[in-house]
Each structure stands twice: as C-alpha cells, then as structure tokens.
Amino acid sequence: MAFFPSCEQVDFPELRGCPVAVTNGDKGTTIISSSYEAREYGIKTGMKMSEALKLCPQLIKRPSRPDRYAEVSGNIMRALMEITPDISVYSIDECYIDLMPVLKLYGSVKIIADKIRKAVFEASGGIRCSIGITEGQLTAKYCARNKGETTIVPPDQIKSYIGRAPIGDICGIGKNIERYLNQYGILKCADIERFPMSILSNRFGDIGRRLYSVCLGHDPLPIDTTDKDHKSMGHGKVTAGENDRDVIRGIMRQLVERLTRRMRHHKVVSDLFFIGFKTAKGWVGHKYKVQPATNSTSVIWSYVQTHFKNWHYEALYQVQITALSLQSSEVKQLDLFEDLLAPDPSVTKHDKLDDVKDLVNDKFGKHTLRSAAELLADKANMVPVIAFNFDATGKKNSL
Numbered sequence: 001m002a003f004f005p006s007c008e009q010v011d012f013p014e015l016r017g018c019p020v021a022v023t024n025g026d027k028g029t030t031i032i033s034s035s036y037e038a039r040e041y042g043i044k045t046g047m048k049m050s051e052a053l054k055l056c057p058q059l060i061k062r063p064s065r066p067d068r069y070a071e072v073s074g075n076i077m078r079a080l081m082e083i084t085p086d087i088s089v090y091s092i093d094e095c096y097i098d099l100m101p102v103l104k105l106y107g108s109v110k111i112i113a114d115k116i117r118k119a120v121f122e123a124s125g126g127i128r129c130s131i132g133i134t135e136g137q138l139t140a141k142y143c144a145r146n147k148g149e150t151t152i153v154p155p156d157q158i159k160s161y162i163g164r165a166p167i168g169d170i171c172g173i174g175k176n177i178e179r180y181l182n183q184y185g186i187l188k189c190a191d192i193e194r195f196p197m198s199i200l201s202n203r204f205g206d207i208g209r210r211l212y213s214v215c216l217g218h219d220p221l222p223i224d225t226t227d228k229d230h231k232s233m234g235h236g237k238v239t240a241g242e243n244d245r246d247v248i249r250g251i252m253r254q255l256v257e258r259l260t261r262r263m264r265h266h267k268v269v270s271d272l273f274f275i276g277f278k279t280a281k282g283w284v285g286h287k288y289k290v291q292p293a294t295n296s297t298s299v300i301w302s303y304v305q306t307h308f309k310n311w312h313y314e315a316l317y318q319v320q321i322t323a324l325s326l327q328s329s330e331v332k333q334l335d336l337f338e339d340l341l342a343p344d345p346s347v348t349k350h351d352k353l354d355d356v357k358d359l360v361n362d363k364f365g366k367h368t369l370r371s372a373a374e375l376l377a378d379k380a381n382m383v384p385v386i387a388f389n390f391d392a393t394g395k396k397n398s399l
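Each residue of the sequence shown is one higher than the one before, starting from 1 at the first, in our numbering.
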C-alpha cells in the first residue's frame, strides 16, 4: 500500500519522485508503507529502517499522520459516491464499485474509469490510482495490479488472463494456503482446474470455494453496498515487551476511553467485553459479562482493573479490549412499574461526566479533556494508527 507515502508526496512536493518510507511516529523503527520509488530498491512493509537504509541510503523517513490519511481517504470515497452510490469500502485506500447500475448513464466502463481517475486525483490533491475492471471483486482487484493504470478485462477473457498468475498473487491466498496448494503442484491459477473444488472447500469451507472460483476467473460473491451493523468494536496496541504497570495502565485507560467514546458516538452498548494481555506464552484473556449492557467508561474500566489481577508483570507484547455483541443504546426494556417521569436511576454521575467529556472533545479536539490515568501512557509514546479495514464513511472510522 503506497497510499500513506503518496499523501506525504502530495502535501510536500519536495518528496515527489523520492524514495519515502512512512513509520509509526517519529520514534518508529519499522516501515508501515513505502513509496513506489522506495520499492524499486527492495524496500517492503515491515522492514526495519536500519535495514532499509542499507538498501537505499537516500531513503526519506516520514512519521505517519493518521488524521491526514483519514481525511484524504474520506475525501476520495465521498467523491466516488458522486459518480455512483454502489460502493463497498474495503480499506482506507481501496473500494469495490458496481458499475452496472450506471453503465447506461455514462455509456462505457472506460468513461466511468476516466471519471473515477479524475475524481480521485482532484479529491486527494494529486494521487493517481490504479483501476481494475472485470466481472467480480477479487478478479478486479487482481486486474488493478498495474501501478497508476486502468486495466479492463472483458468477462470472457478473465479466465485466461488470471490463469497465468502465480497462485499466491490472488487476494485471500496467503502463505499457508499457497504452501498447501503447492504440494499438489498448483503453482499458477490455471493449475487448479485439474483438481476438484473439494481440495479447497474441505479444508477452508466457503472461503476455499470462493478462492477456487476466483482462480478460474469468476468471483461468485456480489458487492455488498449495504450499511452493515457491526457485531463488535475494539481497540488494541502492540506494546513491544512492556512490563511497567503504570504504562500498561495508562495505555489500557486510553483504549477504554477511545472505545467507549466511539460506542457512544454510534449509539451502541454491549453486555460482553473481551480484555486481553499477550505475553510471550500467549494471550491472558477473558470475556466479561456485563449487566445491564453499557458504554460507560467507568463501568468498563472497572473490569479492566479486575483483569489486571490476572497479570503478573510479565512482558506484554499486545493489549486489547473489544466490545462484543453490540446493540442499540436507544432501545431500552421498560419496567412495568417504572415511573417514566422520575429521573432515570441508571444515569450516574459517571455517565454525566462521559457526556461532558464527549461534548468538550467534539468541540475542541478529541484529546482536549483526558483522564489523569491516560497521562501514564505518555511514556509509551503511543501513536494513533489506522486499522486495515478503516472506512471513513462508516463505523470503522476511528483512529
């Protein structure tokens, strides 16, 4: 993904044409994205900066700016929705578009592709996109591999076009599935036709059946453009072997504050939360049942404090809190004998404090008002990050 470096090159013209690596903050040592110019030197995502500089001494390091990338992504997706509303956002820099409903309106897929290219360029301030057009989602994604180009493959030609591709080039076929197929002599997509679908479906279920069809040039899964209700919502942090209790406490407080603020924004509550600490031996995690369902910072924080008793100060490599089984906060079970005119006893002073914090942070910036416990995380140099499936137009739009 060269989206982050492309944003940097747009905002800072002196970086255009230069090898650029984006890291997670000023102190970040691992590359999270690199420009196309940097990739020509063999620089890849996940590579250490020290290793990358040996390959390319003139490599320019840029700390990530998640808020800016989110802004550009939102601008692009909204511009595309002006062309057609039938869009399924896949990640911060990718989406699938159903062209059939507007094909007669514009006349041809080439005209639509040109409009998309122009919309992306103008909405982003100068980023050029890659477009793949064919019969399905994953087949179109493969066609979009050519940097900065539009690749149109008619449905009757996609089977032979994709058949030449190495099996590992198909989105969804990771190293494990690739190794599994290689042992049967399946190296290219066309090779899979010699085997029954069960070679994948028996082991990988519906995903296996879909990938089998994609390798033969047909993605059976239609584009889903509906606004889906998400079943869970969570935040986590990679902590690189941290065992300072105060730092972990501060990080967890930040994660709880982010999660609960996001839940209140989307008007959802949950009665089941997963809290987990990852040690060298694995996860120390537990699902906590909460009654009634809540999005209260103080209530959820009390369960985090309980979970700390399961941690014996081993080095932690990741922490996580996730609200499972989300439900609307606007639906409330009424008591038959409840006085509807009386003050709601379930609304506590902590809920009122949450409301005040939300109002202040909405108006003056999301970190204007913070709890004292959050300040403990400052030693950890926490940097906002963007999830892979970030969607600036939906519920998965939180940094």
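Built from N, CA and C at the ideal position, the CB exists for glycine as well.
Short check: CB of residue i to CB of residue j, under 8 Å?
| i | j | result |
| --- | --- | --- |
| S33 | F4 | yes |
| G17 | E40 | no |
| I76 | A2 | no |
| P66 | G28 | no |
| T297 | D354 | yes |
| T30 | K48 | yes |
| L316 | T368 | no |
| A119 | I92 | no |
| A323 | F273 | yes |
| G42 | L53 | no |
| R264 | D358 | yes |
| G163 | E178 | no |
| L326 | V268 | yes |
| N223 | S88 | What sits at residue 223 in the sequence shown is Ile, not Asn. Cβ atoms of I223 and S88: closer than 8 Å. |
| C95 | L80 | yes |
| R245 | Y313 | yes |
| I427 | V214 | This structure cannot speak to residue 427, because the chain is shown only from 1 to 399. |
| I300 | T239 | no |
Closest by CA to residue i, which one among the options?
| i | options | result |
| --- | --- | --- |
| T433 | I97, Y313, I92 and K278 | With the chain covering only 1 through 399, there is no way to say anything about residue 433. |
| W283 | M252, Q318, D219 and Y313 | Q318 |
| A190 | F121, G217 and I127 | G217 |
| G126 | I133, R117 and G132 | R117 |
| D26 | L375, K61 and R78 | K61 |
| P19 | G46, P13, D11 and L59 | L59 |
| N361 | L200, R262 and P13 | R262 |
| P154 | R253, P13, I133 and M81 | I133 |
| F310 | S302, H286 and E330 | The displayed chain sequence assigns Asn, not Phe, to residue 310. Minimum Cα distance to N310 is reached at H286. |
| Q157 | G172, R145 and A140 | A140 |
| S328 | H266, M197 and E14 | H266 |
Could you name the residues that DSSP lists as bridge partners for residue i?
| i | result |
| --- | --- |
| L324 | S232 and L272 |
| H286 | I275 |
| S33 | V22 |
| P63 | T23 |
| S91 | E94 |
| K48 | T30 |
| I131 | T150 |
| K237 | V319 |
| E242 | L316 |
Measuring straight from C-alpha to C-alpha, what distance separates residue i and residue j?
| i | j | result |
| --- | --- | --- |
| R370 | D86 | 39 Å |
| K188 | I112 | 31 Å |
| A342 | D271 | With a pLDDT of 49 at A342, under the threshold of 50, the modelled position of that residue is not reliable, and the figure given next carries that caveat. C-alpha separation (whole angstroms): 25 Å. |
| N243 | G250 | 12 Å |
| K231 | I321 | 14 Å |
| D114 | L103 | 13 Å |
| Q9 | F308 | 44 Å |
| Y161 | E135 | 12 Å |
| F192 | I152 | Per the sequence presented here, residue 192 reads as Ile, with Phe not at that position. Roughly 24 Å separates the two Cα atoms. |
| V109 | L99 | 7 Å |
| N24 | K237 | 12 Å |
| L138 | L211 | 9 Å |
| Y184 | Y142 | 23 Å |
| G205 | P57 | 46 Å |
| G148 | C7 | 15 Å |
| H235 | T348 | 25 Å |
| P292 | I275 | 18 Å |
| K352 | I199 | 57 Å |
| L375 | F121 | 40 Å |
Tell me, please, whether the CB atom of residue i is closer than 8 Å to any CB atom in chain D?
| i | result |
| --- | --- |
| K352 | In the displayed structure, chain D is absent; only one protein chain is listed. |
### Ranges of the beta strand (DSSP E) found wholly within the region 145 to 219, counting only runs of at least 3
150 to 152, all fully within the region 145 to 219.
### In chain order, each alpha helix (DSSP H) run of at least 4 residues that lies wholly inside the region 289 to 322
Fully contained in the region 289 to 322 are the following alpha helix (DSSP H) runs of length 4 or more, in chain order: 297 to 307.
#### Entry: Length at least 4, wholly inside the region 349 to 374: the alpha helix (DSSP H) runs in chain order
Correct list: 349 to 364.
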